[in-house]
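Okay, so here's the structure we're looking at.
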Amino acid sequence: MIDLENMMKDAPEREPDLPLPSMEEQKRIAAELKALEEKGELTPEVLEKYFGGKKTH
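Quick note: the sequence shown, position 35, residue 35 per full-length UniProt numbering, numbers continuous.
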């Protein structure tokens, strides 16, 4: 049988989940990323800004 209490103690610490942006905000972000991709400016740093797991804006 799995001991959930021990599993929780051994689990790595993580930041709480951030709320998802509104549908309008998601569309705006998608448009920005698409425009950057078309210009060849979609870099790993840009993707980190949006998908790095930390709220930056």
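For each residue, glycine too, the CB sits at the ideal point set by N, CA and C.
The Cβ atoms of L42 and L33 lie closer than 9 Å to each other. For P44, the secondary structure class from DSSP, reduced to helix, strand or coil, is helix.
Considering only K39, A35, I29 and G40, the residue with the shortest C-alpha distance to K49 is I29.
The three-state reading of DSSP puts L33 in helix, counting H, G and I together.
DSSP, read as helix, strand or coil, puts K39 in coil.
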